[in-house]
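These protein sequence lines map, in sequence, to chains R and S. FYI, in this note's numbering the residues of the first sequence are 516 to 771. FYI, in this note's numbering the residues of the second sequence are 301 to 420.
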Amino acid sequence: MYPVIACFRIYKNHYCVSSYGLCLVAAVLCGTVISMFMARRIGRGSRDIFTFSMLVAATGFIGAAAAGFIIFIPERIAAGFFTFPPVLVSWGGMISSLGAILFISGKWGENAWQLADLFTPGGLIALGIGRIGCVCAGCCYGIHTDSPFGIYFTCPLAPASVMEQPLVPVQIISACFLLFAGISGLFLLRRARRPGGLFLWSVVAYTMFRFIIEFFRADPRAFLLGLSDGQWFSVVAFAVCAYMIFKKRNYSRDYK
Amino acid sequence: MAVAALVLGIISIIFCITPLFNFLAPVVGAVGIILAAVARKNLKDDKQETAIATGGLVTSIIGTALGMLMYIACAACIGGSGMMMKEFTKELQKDPGRIEKAIKKLEQMQKQAPTPKEQI
């Protein structure tokens, strides 16, 4: 676990390359390449998909930063507005990415469900790589455990290093789940019976997983009525997607 | 919109190397990517030149990627690591290139600080 990979000196200033940042860049790159590859496989132009992919990734990043800004406003005010560091929240990125897909669909007449299906495998794999970045950085850590599966965060730059070690490897578990789901999505994309099926079922599976894994996390999060912000997002997203799946199933049955 | 994207892309690259504005670089770059992507698609549909929009996209991607590389961690717990990072950079200023020495100094500081369990 190396939060900082290397530092450079450029004219009296030091710049450090973080492993988390490297994983972020790798995640966006992989997600884009996978989406373009899958677009070709299903017989659609990959150049447009590159542009759409950049749009979705950039919007996702801004959404993640905005969500991090909003949910930690009390801490930000207490610690000093501009001294509190910028924070990325994954569910904020997912919501804004979906907004970008809807924007693309409205502006250029694309089928939103097909686009959502196309970006789902790449998006899941990108999130998985991001979680590997969390392991490297030592953030989004788990609760203390004495089981043999616990991991130690020893570098003082890692936020998890101040906790009683070892910790539940929630980042590794999340990364494994997301990578498995993403790779499965690559094979299931061509077999999806209805547009949007792959996207909706992926969200249902991810929200169920996220709700459970949040109970094993110990990093600072926003809480409301005993549930964390990630759990509230999971509940709402699960309900919406389950309803959409039910509605789409009834629609196709009525119009056979 | 294409020109705005190009300007934002250049600004994000400049922010990457400006000490006080490092954290703004990925945000400015991301906005540049959005503008460039929309402009590029619109110009392509109208069968017009996309050179400036493509330039804006490339510079914004570079600025965002460079800014992201300096993101230390994702969660709010970096409040603590943010302070550690400041100390780390201070140690580096005194002795550039000796990352191991700086980390050892931080480990000593960490041993002296009480753990959350002790605080409870």
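The C-beta atom is built at its ideal place from N, Cα and C for all residues, glycine as well.
DSSP beta-bridge partners of residue i
{"i": "Ile-616(R)", "result": "Answer by DSSP bridge pairing: none, since Ile-616(R) is not bridged."}
{"i": "Arg-732(R)", "result": "Gly-657(R)"}
{"i": "Ser-743(R)", "result": "Phe-738(R)"}
{"i": "Val-666(R)", "result": "In the sequence as presented, Val is not what sits at residue 666(R); that position holds Ile. Leu-682(R), per the DSSP bridge assignment."}
{"i": "Val-677(R)", "result": "The partner list for Val-677(R) (beta bridge, DSSP) is empty, contrary to what the question assumes."}
{"i": "Val-519(R)", "result": "Ser-533(R)"}
Nearest-angstrom Cα separation, counted from residue j out to residue i
{"i": "Met-678(R)", "j": "Gly-624(R)", "result": "50 Å"}
{"i": "Gln-680(R)", "j": "Leu-630(R)", "result": "43 Å"}
{"i": "Ala-339(S)", "j": "Leu-694(R)", "result": "33 Å"}
{"i": "Phe-315(S)", "j": "Arg-524(R)", "result": "16 Å"}
{"i": "Cys-535(R)", "j": "Val-602(R)", "result": "It is Tyr, not Cys, that sits at residue 535(R) in the sequence shown. Straight-line Cα distance between these residues: approximately 12 Å."}
{"i": "Ser-612(R)", "j": "Gly-575(R)", "result": "5 Å"}
{"i": "Ser-676(R)", "j": "Val-650(R)", "result": "12 Å"}
{"i": "Gly-621(R)", "j": "Phe-567(R)", "result": "13 Å"}
{"i": "Ala-320(S)", "j": "Met-370(S)", "result": "First, the residue type needs correcting, since residue 320(S) is Leu and not Ala in the sequence shown. Taking the straight line joining both Cα atoms gives about 13 Å."}
{"i": "Ala-351(S)", "j": "Ile-564(R)", "result": "18 Å"}
{"i": "Cys-691(R)", "j": "Met-569(R)", "result": "25 Å"}
{"i": "Ala-573(R)", "j": "Lys-763(R)", "result": "30 Å"}
{"i": "Tyr-517(R)", "j": "Gly-648(R)", "result": "10 Å"}
{"i": "Val-772(R)", "j": "Pro-663(R)", "result": "Coverage of chain R is limited to positions 516 through 771, which leaves residue 772(R) absent and any answer about it impossible."}
{"i": "Pro-671(R)", "j": "Cys-538(R)", "result": "20 Å"}
{"i": "Ser-550(R)", "j": "Ile-760(R)", "result": "23 Å"}
{"i": "Ala-580(R)", "j": "Ile-592(R)", "result": "17 Å"}
{"i": "Asp-632(R)", "j": "Trp-606(R)", "result": "18 Å"}
{"i": "Ile-378(S)", "j": "Asp-345(S)", "result": "Because Ile-378(S) carries a pLDDT of 45, less than 50, the predicted location of this residue cannot be relied on, and no value is offered for it."}
{"i": "Ile-577(R)", "j": "Ile-588(R)", "result": "17 Å"}
{"i": "Ala-542(R)", "j": "Ala-641(R)", "result": "4 Å"}
{"i": "Pro-326(S)", "j": "Thr-364(S)", "result": "4 Å"}
{"i": "Pro-684(R)", "j": "Ala-615(R)", "result": "32 Å"}
{"i": "Tyr-530(R)", "j": "Leu-682(R)", "result": "30 Å"}
{"i": "Gly-380(S)", "j": "Arg-736(R)", "result": "For Gly-380(S), the predicted structure reports a pLDDT of 49, less than 50, and the residue's modelled location is therefore unreliable. A value from the coordinates is still provided. Taking the straight line from one Cα to the other gives about 14 Å."}
{"i": "Arg-732(R)", "j": "Gly-741(R)", "result": "13 Å"}
{"i": "Ala-376(S)", "j": "Ile-334(S)", "result": "Confidence is the limiting factor: at Ala-376(S) the pLDDT is only 44, short of 50, which leaves the residue's position unreliable, though a coordinate-based value still follows. Roughly 26 Å between the two C-alpha positions."}
{"i": "Pro-636(R)", "j": "Gly-700(R)", "result": "5 Å"}
{"i": "Ile-311(S)", "j": "Gly-329(S)", "result": "8 Å"}
{"i": "Phe-634(R)", "j": "Tyr-667(R)", "result": "34 Å"}
{"i": "Gly-638(R)", "j": "Val-540(R)", "result": "13 Å"}
{"i": "Ile-317(S)", "j": "Phe-726(R)", "result": "40 Å"}
{"i": "Ser-745(R)", "j": "Gln-348(S)", "result": "Per the sequence shown, residue 745(R) should be read as Gly rather than Ser. So the two alpha carbons sit approximately 44 Å from each other."}
{"i": "Ser-533(R)", "j": "Leu-703(R)", "result": "34 Å"}
{"i": "Ala-554(R)", "j": "Glu-590(R)", "result": "43 Å"}
{"i": "Ala-752(R)", "j": "Lys-404(S)", "result": "44 Å"}
{"i": "Ser-689(R)", "j": "Leu-343(S)", "result": "41 Å"}
{"i": "Ile-586(R)", "j": "Ile-687(R)", "result": "25 Å"}
{"i": "Val-548(R)", "j": "Ala-720(R)", "result": "24 Å"}
Residue i CB to nearest heavy atom of the ligand GTP below 7 Å
{"i": "Phe-730(R)", "result": "The ligand GTP is absent from the structure shown, which contains no ligands of any kind."}
Chain-ordered chain S contacts of residue i [CB-CB under 7 Å]
{"i": "Ser-689(R)", "result": "Neighbours of Ser-689(R) on chain S: none; closest Cβ ~12 Å, over 7 Å."}
{"i": "Phe-576(R)", "result": "Pro-326 and Ala-330"}
{"i": "Ala-593(R)", "result": "Those within 7 Å of Ala-593(R) in chain S number zero; the least Cβ separation is about 10 Å."}
{"i": "Ala-580(R)", "result": "Val-327"}
{"i": "Ala-641(R)", "result": "Here the premise fails: no neighbours, minimum Cβ distance about 13 Å."}
Neighbouring residues, chain R, relative to residue i (Cβ below 8 Å)
{"i": "Ala-351(S)", "result": "What Ala-351(S) touches in chain R: nothing, since even the nearest Cβ is about 15 Å away."}
{"i": "Ala-304(S)", "result": "Within chain R, no residue comes near Ala-304(S); the closest Cβ sits about 14 Å away, beyond 8 Å."}
{"i": "Ile-438(S)", "result": "Any property of residue 438(S) remains undetermined from this structure, which presents chain S solely from 301 to 420."}
Contacts of residue i in chain R (Cβ-Cβ under 9 Å)
{"i": "Lys-341(S)", "result": "Asp-563, Thr-566, Phe-567, Leu-570, Ile-619, Lys-622 and Trp-623"}
{"i": "Ile-362(S)", "result": "Per Cβ cutoff of 9 Å: no residues; Ile-362(S) is ~11 Å from chain R at best."}
{"i": "Ile-314(S)", "result": "In chain order: nothing, as chain R lies at least about 13 Å away."}
{"i": "Leu-357(S)", "result": "Thr-566 and Met-569"}
Neighbouring residues, chain R, relative to residue i (Cβ below 7 Å)
{"i": "Met-368(S)", "result": "Gly-536, Leu-539 and Val-540"}
Contact list for residue i against chain S, beta-carbon separation under 9 Å
{"i": "Val-532(R)", "result": "Leu-369 and Met-370"}
Within chain S, the residues that residue i reaches when beta carbons sit closer than 8 Å
{"i": "Ile-525(R)", "result": "Ile-317"}
{"i": "Ala-631(R)", "result": "Within 8 Å Cβ-Cβ: nothing; Ala-631(R) doesn't reach chain S, min ~18 Å."}
Decide if the stretch 653-662 of chain R is in contact with the stretch 708-717 of chain R; the criterion is three or more beta carbon pairs, one per stretch, under 8 Å apart. no
In chain order, each beta strand (DSSP E) run of at least 3 residues that lies wholly inside the stretch 534-595 of chain R: none
Only counting runs of 4 or more residues, tell me where the alpha helix (DSSP H) segments fall wholly within the stretch 680-711 of chain R, in order along the chain. 685-703
What residue ranges within the stretch 325-369 of chain S form continuous alpha helix (DSSP H) runs of no fewer than 4 residues, ordered along the chain? 325-345 and 351-369
Is the number of C-beta pairs between the stretch 326-339 of chain S and the stretch 301-308 of chain S that are closer than 8 Å three or more? Contact holds: three or more Cβ-Cβ distances are below 8 Å.
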